[in-house]
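Note that the sequence shown covers residues 293 to 783 in this note's numbering.
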Amino acid sequence: MDLPLLSLNLCPGSVPCSLVIMGNNTEFERAVLWLSENLNFDVDARINLFECNIRVLGGLVSAHILATDSANRLVQGSYKNQLLTLAEDLGRRFLPAFDTPTGLPYAWINLKYGVMENETTETSTSGCGSLILEMGALSRLTGDPIYESAALRALRRLWSMRSSLNLLGTTLDVTTGEWIEYSSGIGAGVDSFYEYLFKAHILFGKEDFWRMFHSAYLAVQKYFRHGPWYHEADMRNGKATYWQLTSLQAFWPGLQVLVGDIAAANSSHREFVHVWKKFGVLPERYLLDHLMLHPTEKYYPLRPELAESTFYLYQATKDPWYLEVGESIVNSLNSYTKVDGGFASIRDVTTMQLEDHQHSFFLAETCKYLYLLFDDSFLVDRNYVFTTEGHPLPVLSSWHDRLPEAYIPRNWTFLPSEKQARRASAMTLQVCPATSLDCRHRCQQVKSACHIPDARSDHRCFGDEECGVDATTCRRRTCSMAGYCGLWLFI
Numbered sequence: 293m294d295l296p297l298l299s300l301n302l303c304p305g306s307v308p309c310s311l312v313i314m315g316n317n318t319e320f321e322r323a324v325l326w327l328s329e330n331l332n333f334d335v336d337a338r339i340n341l342f343e344c345n346i347r348v349l350g351g352l353v354s355a356h357i358l359a360t361d362s363a364n365r366l367v368q369g370s371y372k373n374q375l376l377t378l379a380e381d382l383g384r385r386f387l388p389a390f391d392t393p394t395g396l397p398y399a400w401i402n403l404k405y406g407v408m409e410n411e412t413t414e415t416s417t418s419g420c421g422s423l424i425l426e427m428g429a430l431s432r433l434t435g436d437p438i439y440e441s442a443a444l445r446a447l448r449r450l451w452s453m454r455s456s457l458n459l460l461g462t463t464l465d466v467t468t469g470e471w472i473e474y475s476s477g478i479g480a481g482v483d484s485f486y487e488y489l490f491k492a493h494i495l496f497g498k499e500d501f502w503r504m505f506h507s508a509y510l511a512v513q514k515y516f517r518h519g520p521w522y523h524e525a526d527m528r529n530g531k532a533t534y535w536q537l538t539s540l541q542a543f544w545p546g547l548q549v550l551v552g553d554i555a556a557a558n559s560s561h562r563e564f565v566h567v568w569k570k571f572g573v574l575p576e577r578y579l580l581d582h583l584m585l586h587p588t589e590k591y592y593p594l595r596p597e598l599a600e601s602t603f604y605l606y607q608a609t610k611d612p613w614y615l616e617v618g619e620s621i622v623n624s625l626n627s628y629t630k631v632d633g634g635f636a637s638i639r640d641v642t643t644m645q646l647e648d649h650q651h652s653f654f655l656a657e658t659c660k661y662l663y664l665l666f667d668d669s670f671l672v673d674r675n676y677v678f679t680t681e682g683h684p685l686p687v688l689s690s691w692h693d694r695l696p697e698a699y700i701p702r703n704w705t706f707l708p709s710e711k712q713a714r715r716a717s718a719m720t721l722q723v724c725p726a727t728s729l730d731c732r733h734r735c736q737q738v739k740s741a742c743h744i745p746d747a748r749s750d751h752r753c754f755g756d757e758e759c760g761v762d763a764t765t766c767r768r769r770t771c772s773m774a775g776y777c778g779l780w781l782f783i
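Listed below in structure tokens is the structure:
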């Protein structure tokens, strides 16, 4: 049969990727071959560029990489790059969306006919700033730079539109390059923009990504953070606009783990856990200024963000408390959302009324991060960046202009005790948390992702908050009178 289109609730690549992570190579091979024979993008269908990119293109690219990895043991000759061919076909169909005066892509495009007449020119910051991982990976795999170039041009144009405070709004017009919504935060409409800046730095090694993320991260901490919470603020003046928790914000602690800001990650994560335990699941929106649920957004659509951050924090700290949190999440899902044939979204967290719907991200992310929390064997001796839809992309030296040494597994000299039943995973060694009991020993072996190189004019600091954590001692660093980060010891 021919699969005419993917509704976005069916995510090609998500299930195969999850099967590999769970070690089921037989079913992985069946899934890969089925997709190869049944998927077709030549259809008259209007799709959301951002959603199709992170779910479908990312799924195909990741599944292709896993299918060509000898460790997954596909039957020799059974796979002949069919998924990469499909990914390139889809990527080509994305390109007309970028044909705008600004280079910022339309949010919606027809897979068969391109941008339709009278298509809306409104898009989100995430929509045009969260394409670089998938489209960049497609370019590296095919050798055609056109996909990465389009995504990179859009990202750089978006960054040029930031305010003097290094803040960006939520929605904008792709033809005029003008902001439509000035209020911003770390939640819906902006979240994956921050995520992709840093992950693109890890995946592709470009210093530009780090510089953008560094400035953006400091602005978030300065204008959005209020204790463990993050409210929204006007990008023009930094004044608070909406005091609310949204379930999408729960990804933030996981991102903070990757940059080494463990204390801040733990602080926010515990607040999200508190709200989860209060309601049994995490409601879509909670009004912090009124300590009450949003009157219309009381639902829980099986989102993965809290499970994701729990996974990252456990990887960084090995604190068993995070396993308890994961167990609590699993128990809640089984108690409140499990139905015959799957799991259902919750329409109202006050009544636990269900609706007949299961988003693709439940399988692609929620289940995957919960599984990895308790069994991270997939990550042993491997180093992956997970996209915002939970698709693993390997960190490869061949993809880098200059790969940060700390990200190359062969350069890691720390080895766990022979008495340990399992070896530490690559991700475990990626960060150097100040809370780790053996930090003094480990930090002399592995650089943290949070330090800023010294003695370079383009990395001068303007205050202690910009100096991060020292890579060798895990202590907070201070900005010297000359404008460089102190306490750095070269190793």
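Cβ coordinates follow ideal geometry from the N, Cα and C atoms, glycine included. Values in this document were obtained by computation on a predicted structure and should not be read as measured data.
A direct Cα-Cα distance of roughly 43 Å separates L662 from N410. If the five residues before and after Y606 are omitted, its C-beta is found closer than 8 Å to the C-beta atoms of Y614, L615, G618, L665, all from its own chain and listed in chain order.
CA-CA distance, T609 to M314, rounds to 23 Å.
Residue environment: P397 is assigned as buried (16 or more neighbouring CB atoms within 10 Å of its CB, all protein chains considered). Contact annotation: the region 475 to 495 touches the region 538 to 546, with at least three C-beta pairs closer than 8 Å. In the DSSP assignment, no residue is bridged to Y486. Under the three-state reduction of DSSP output, Y661 falls in the helix class.
Going by DSSP, N626 is part of the alpha helix (DSSP H) stretching over 613 to 628.
Annotation for N458: S507, A508, L510, A511 place their beta carbon closer than 8 Å to its own, counting only its chain and skipping 5 residues before and after. Around the beta carbon of L495, 16 or more other beta carbons sit within 10 angstroms, so the residue counts as buried. Inclusion of E499 and L547 in the CB contact set at 7 Å is not warranted, their separation being larger than that value. V353 sits in a helix when the DSSP states are folded into three classes. Using a Cβ distance threshold of 7 Å, S475 and P520 do not count as a contacting pair. Here DSSP, grouped into helix, strand and coil, assigns L580 to coil. DSSP places V677 in no alpha helix (DSSP H) but in the uninterrupted beta strand (DSSP E) bounded by 676 to 678. Using a C-beta cut-off of 8 Å, the region 626 to 634 makes contact with the region 643 to 661, since at least three inter-stretch Cβ pairs fall below that distance. Listed in chain order, the beta strand (DSSP E) runs fully inside the region 448 to 515 are 463 to 465, 471 to 473, counting runs of at least 3 residues. Nearest C-alpha to S601 among D361, D526, D553: D553. DSSP places Q536 in the strand class (E or B) of the three-state scheme. Within the same chain, and ignoring the five residues on either side of W326 in sequence, no residue has its Cβ closer than 7 Å to its Cβ. Residue burial is scored here from C-beta neighbours: S689 has fewer than 16 other C-beta atoms within 10 angstroms and is therefore classed as exposed.
By the C-beta density criterion, K372 is exposed, having fewer than 16 other C-beta atoms within 10 angstroms. Proximity to R338 across A399, M504, Y604 peaks at A399, based on C-alpha coordinates. Between the alpha carbons of V324 and L331 lies a gap of roughly 11 Å. E329 counts as exposed, since fewer than 16 other beta carbons sit within 10 angstroms of its beta carbon. DSSP, read as helix, strand or coil, puts R322 in helix. Between L450 and G428, the gap from beta carbon to beta carbon reaches 7 Å or more. Looking at the DSSP output, E414 bridges to D465.
Remark: C-beta atoms of I424 and A492 approach each other more closely than 7 Å. In the three-state DSSP reduction, R517 falls in the strand class (E or B).
Per DSSP, R384 is one residue of the alpha helix (DSSP H) stretching across 374 to 386. The beta-carbon separation of V353 and E426, rounded to 6 Å, stays under the 8 Å limit for a contact. Excluding sequence positions up to five before and after A443, its CB lies within less than 6 Å of the CB of L423, I424, M427, all in the same chain and listed in chain order. Here DSSP, grouped into helix, strand and coil, assigns P393 to coil. The DSSP-derived three-state label of N316 is coil. By the Cβ criterion, the region 668 to 684 is in contact with the region 307 to 322, since at least three pairs of Cβ atoms, one from each stretch, lie closer than 8 Å.
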